[in-house]
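So the protein lines, in turn, are chains C and F. Going letter by letter, the first sequence gives residues 250 to 452 in our numbering. Going letter by letter, the second sequence gives residues 250 to 452 in our numbering. This report refers to the structure that appears directly beneath it.
2 protein chains.
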Amino acid sequence: MFMEPSSPSDMRSHILNEAARLFVIRGYDGISMREIAASCHISKPGLYYYFVDKEDLFLAILESSLEELTALISEATSQPGGTPQKLGFLIHAIFTRLPMERRALIRLAAQEMNKLSPQKRESFSSRYHATFIDGIADILRSGIQKKELRSVDPEMATWAFLGMMYPFFSATGSPRFDETAVVHFLLDTFLNGLSPQTGEQRE
Amino acid sequence: MFMEPSSPSDMRSHILNEAARLFVIRGYDGISMREIAASCHISKPGLYYYFVDKEDLFLAILESSLEELTALISEATSQPGGTPQKLGFLIHAIFTRLPMERRALIRLAAQEMNKLSPQKRESFSSRYHATFIDGIADILRSGIQKKELRSVDPEMATWAFLGMMYPFFSATGSPRFDETAVVHFLLDTFLNGLSPQTGEQRE
DNA sequence: GGCTATTTACCGACCGGTCGGTCAGTACTA
DNA sequence: TAGTACTGACCGACCGGTCGGTAAATAGCC
């Protein structure tokens with residue numbers, strides 16, 4: 250009775266999945282609660298039984314994505330080996346452990362966060378930065394400290410790192426590339442660049 | 250009498266500017282024609298005097314941004330020097346010749362193109378790819394041919410190149426960095442990567 | 001120059017439709 | 001019989017877009 254839902258009424262998670270899929274395709278303003286309801290084979294008030302409003306539903310999706318990412322980053326951070334290995338692990342994990350839909354969610358969070366009401370946005374975005382952005386920046390920072398990375402602004406590098414990946418997170422748009430090739434290309438480019446190598450390089 | 254309007258009724262371009270600013274901040278679905286009208290100190294029907302519908306106004310903004318970009322790319326392509334110089338010119342031109350609002354438009358086009366109706370989207374996106382994406386891919390391709398760049402998939406590299414820049418195109422969100430530093434960082438990272446250099450490197 | 005006809009550049013009021021959200025039920029369990 | 005998991009009907013606000021109208025400038029004619 251006072252235990253929290255241990256089996257979270259699979260309808261709730263079904264809604265979460267379906268709504269995430271739709272938000273990714275059309276954006277926050279692009280789909281209506283009616284469409285989400287129809288896509289879940291439920292009535293619109295049925296949606297409001299599980300979520301207090303549209304924002305609440307959207308936020309629940311963003312939160313779960315952030316949680317997932319945070320777990321991946323902390324796993325990458327505690328990975329044995331040097332910074333290149335940690336970064337390689339992270340890219341590899343994102344592309345192989347997350348289905349495309351969830352990868353697209355990473356982009357969605359970054360792009361549509363501002364659709365939230367001011368207080369919720371502030372709250373989410375500060376957690377988003379503290380765990381996700383700073384988590385990656387910390388890996389980069391420690392790499393710089395250990396001379397495994399050149400001395401650059403870690404936060405700037407984090408945005409570039411993320412930005413490089415985003416085009417390959419698209420549910421629709423952008424072209425389809427072989428994912429193993431993308432994983433390798435991203436890490437290689439981020440670490441070694443596109444200029445021909447003059448000396449021996451590490452990866 | 251039969252000359253076309255040489256001074257394009259500065260109201261039209263005022264609307265274009267104002268609407269672009271608003272679309273960038275809130276997205277295509279995020280602002281209404283009423284808000285655009287109010288922001289231009291004009292009535293809603295006044296808007297429809299200049300543009301047939303919302304999509305037409307939006308498309309006019311995207312087209313002008315694409316035109317601007319295309320000009321920059323062709324200028325970069327015909328730049329003297331090697332591929333690194335062409336790429337350097339392009340990044341530099343984007344960051345110094347385009348005010349932030351117009352840079353944000355580049356991102357807007359990529360992100361919100363899909364809000365267009367199917368035929369318009371198809372038409373715009375094919376021109377977008379043919380001139381903008383392929384334009385950059387061609388620079389990369391010729392660089393690879395001339396051994397000035399490592400042998401990678403030029404289209405994949407184009408998306409990564411663009412993706413790296415996008416986080417720094419934000420009108421609001423994302424942090425503010427020193428633009429000269431960003432320009433240098435982006436080119437340097439794209440060409441040389443973040444691993445410490447072992448041999449001498451070219452830029 | 002004076003007079004009319006037409007065009008330009010808008011505006012207030014309003015349309016049908018959709019939005020997010022609510023409320024009063026109700027079928028089904030425990 | 002008390003709660004859980006919903007539903008159909010509905011609300012006010014707002015959406016993109018259109019209607020009929022109009023003041024001011026411009027063009028054509030004498």
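Every residue, glycine too, gets a C-beta built ideally from N, C-alpha and C.
Can you confirm whether residue 266(F), when its beta carbon is compared against all beta carbons of chain C, has any partner nearer than 8 angstroms?
Translated into the one-based positions of the second sequence, residue 266(F) becomes position 17. So no, residue 266(F) is outside the interface.
Within the 8 angstroms Cβ cut-off, does residue 273(F) reach chain C?
For this step, residue 273(F) is matched to residue 24 along the second sequence. Closer than 8 angstroms: no.
Nearest-angstrom Cα distance between residue 279(C) and residue 278(F)?
Residue numbering aside, residue 279(C) sits at position 30 when the first sequence is read from its first letter. Residue numbering aside, residue 278(F) sits at position 29 when the second sequence is read from its first letter. Near 7 angstroms, if we compare the C-alpha coordinates of residue 278(F) and residue 279(C).
Taking all protein chains shown into account, do 16 or more other C-beta atoms lie within 10 angstroms of the C-beta of residue 361(C), making it buried, or fewer, making it exposed?
One-based indexing of the first sequence puts residue 361(C) at position 112. That one is buried.
Round the Cβ separation of residue 388(C) and residue 336(C) to the nearest angstrom and send it over; I've been treating them as touching at under 8 angstroms.
Counting from 1 along the first sequence, the entry for residue 388(C) is found at position 139. Counting from 1 along the first sequence, the entry for residue 336(C) is found at position 87. Right, their Cβ atoms sit about 7 angstroms apart.
Who are the near neighbours of residue 291(C) in its chain, counting only those whose CB is closer than 8 angstroms to its CB and skipping five residues on each side?
If you number the first sequence from 1, residue 291(C) lands on position 42. Here the set comprises 260 and 264.
Assign residue 352(C) to one of two classes, buried (16 or more other C-beta atoms within 10 Å of its C-beta) or exposed (fewer than that).
Mapped onto the first sequence, residue 352(C) falls at position 103. Buried.
Going by alpha carbons, who is nearest to residue 407(F) out of 446(F), 444(F), 440(F) and 434(F)?
Along the second sequence, read from residue 1 onward, the residue named residue 407(F) stands at position 158. Nearest of 446(F), 444(F), 440(F) and 434(F) to residue 407(F), Cα basis: 440(F).
Taking the continuous alpha helix (DSSP H) assigned at residue 421(C), which residues delimit it?
Translated into positions along the first sequence, residue 421(C) becomes position 172. Taken as a continuous stretch (DSSP letters only), residue 421(C) belongs to no alpha helix (DSSP H), as it is neither H nor E.
Is there a Cβ from chain C that is less than 8 angstroms from the Cβ of residue 338(F)?
Taking the second sequence and counting its residues from 1, the one referred to as residue 338(F) is at position 89. No - not a single Cβ of chain C is within 8 angstroms of the one on residue 338(F).
Below 8 angstroms between beta carbons is the criterion; list the residues of the region 397 to 431 of chain F that meet it against any residue of chain C, in chain order.
Cβ contacts with chain C come from 397, 398, 399, 401, 402, 404, 405, 406, 408, 409, 411, 412, 413, 414, 415, 416, 417, 421, 422, 423, 424, 426, 430 and 431.
Any idea if residue 364(F) is buried or exposed, counting beta-carbon neighbours within 10 angstroms, 16 or more meaning buried?
Taking the second sequence and counting its residues from 1, the one referred to as residue 364(F) is at position 115. By the neighbour-count rule (16 or more Cβ atoms within 10 Å), residue 364(F) is buried.
Suppose you measure from the CA of residue 395(C) to the CA of residue 442(C); what does that come to, to the nearest Å?
Mapped onto the first sequence, residue 395(C) falls at position 146. Mapped onto the first sequence, residue 442(C) falls at position 193. Distance between the alpha carbons of residue 395(C) and residue 442(C): 20 angstroms.
When the distance is taken between beta carbons, is residue 376(F) closer than 8 angstroms to residue 318(F)?
Counted from its first residue, the second sequence places residue 318(F) at position 69. Counted from its first residue, the second sequence places residue 376(F) at position 127. Not closer than 8 angstroms, so no.
As a quick exercise: from 323(C), 445(C), 354(C) and 334(C), pick the residue whose alpha carbon is nearest that of residue 398(C).
Residue 398(C) sits at position 149 when you count from the first residue of the first sequence. Residue 334(C) is the option with its Cα nearest to residue 398(C).
Counting only Cβ-Cβ distances shorter than 7 angstroms, please list the residues of the region 276 to 292 of chain C near chain F, keeping chain order.
So the list reads 276, 278 and 279, given in the order they occur along the chain.
Which residues in chain C sit within 9 angstroms of residue 394(F), going by Cβ to Cβ distance?
Translated into the one-based positions of the second sequence, residue 394(F) becomes position 145. Here the premise fails: no neighbours, minimum Cβ distance about 13 angstroms.
Excluding the five sequence neighbours on either side, which residues of its own chain have a C-beta within less than 7 angstroms of the C-beta of residue 370(C), listed in chain order?
Position 121 of the first sequence, counted from the start, is the residue given in the question as residue 370(C). 362 and 363.
Alpha carbons only, please: which of 343(F), 313(F) and 271(F) is nearest the one belonging to residue 324(F)?
To locate residue 324(F), count along the second sequence from 1; it is residue 75. That would be 343(F), whose Cα lies nearest to the Cα of residue 324(F).
For residue 395(C), which of helix, strand or coil comes out of DSSP?
Working through the first sequence from its first residue, we reach residue 395(C) at position 146. It is coil, neither helix nor strand.
Count the other C-beta atoms from every protein chain shown that fall within 10 angstroms of the C-beta of residue 435(C), then say buried if there are 16 or more, exposed otherwise.
Within the first sequence, residue 435(C) is the residue found at index 186, counting from 1. The residue is buried, with at least 16 neighbouring Cβ atoms inside 10 Å.
Taking DSSP as the reference, what is the three-state secondary structure of residue 431(F)?
Indexing the second sequence from 1 puts residue 431(F) at position 182. Of the three classes helix, strand and coil, the one that applies to residue 431(F) here is helix, per DSSP.
Using a Cβ cut-off of 7 angstroms, pull out every chain F residue sitting near residue 303(C), in sequence order please.
The residue you call residue 303(C) lines up with position 54 of the first sequence. None at all; the shortest Cβ gap to chain F is about 13 angstroms.
Expressed to the nearest angstrom, what Euclidean distance is found between the alpha-carbon atoms of residue 348(C) and residue 289(F)?
As a working note, residue 348(C) is residue 99 in the first sequence. As a working note, residue 289(F) is residue 40 in the second sequence. If you take the alpha carbons of residue 348(C) and residue 289(F), they lie about 44 angstroms apart.
Expressed to the nearest angstrom, what Euclidean distance is found between the alpha-carbon atoms of residue 453(C) and residue 286(C)?
Limits of chain C in this structure are 250 at one end and 452 at the other, which puts residue 453(C) out of reach.
Which of the three DSSP states is assigned to residue 401(C) in this structure?
Start at 1 with the first residue of the first sequence, and residue 401(C) comes out as number 152. Note: residue 401(C) maps to coil in three-state DSSP.
Using CA atoms only, rank isn't needed, just tell me which of 391(F), 359(F) and 366(F) is closest to residue 378(F).
The count along the second sequence starts at 1 and reaches residue 378(F) at position 129. Per the Cα distances, 359(F).
For chain F, find out if any of its Cβ atoms is closer than 8 angstroms to the Cβ of residue 330(C); answer yes or no.
By 1-based counting over the first sequence, the position of residue 330(C) is 81. No, residue 330(C) lies away from the interface with chain F (no Cβ there is under 8 angstroms from its Cβ).
Excluding the five sequence neighbours on either side, which residues of its own chain have a C-beta within less than 7 angstroms of the C-beta of residue 282(C), listed in chain order?
Start at 1 with the first residue of the first sequence, and residue 282(C) comes out as number 33. The residues are 293, 296 and 303.
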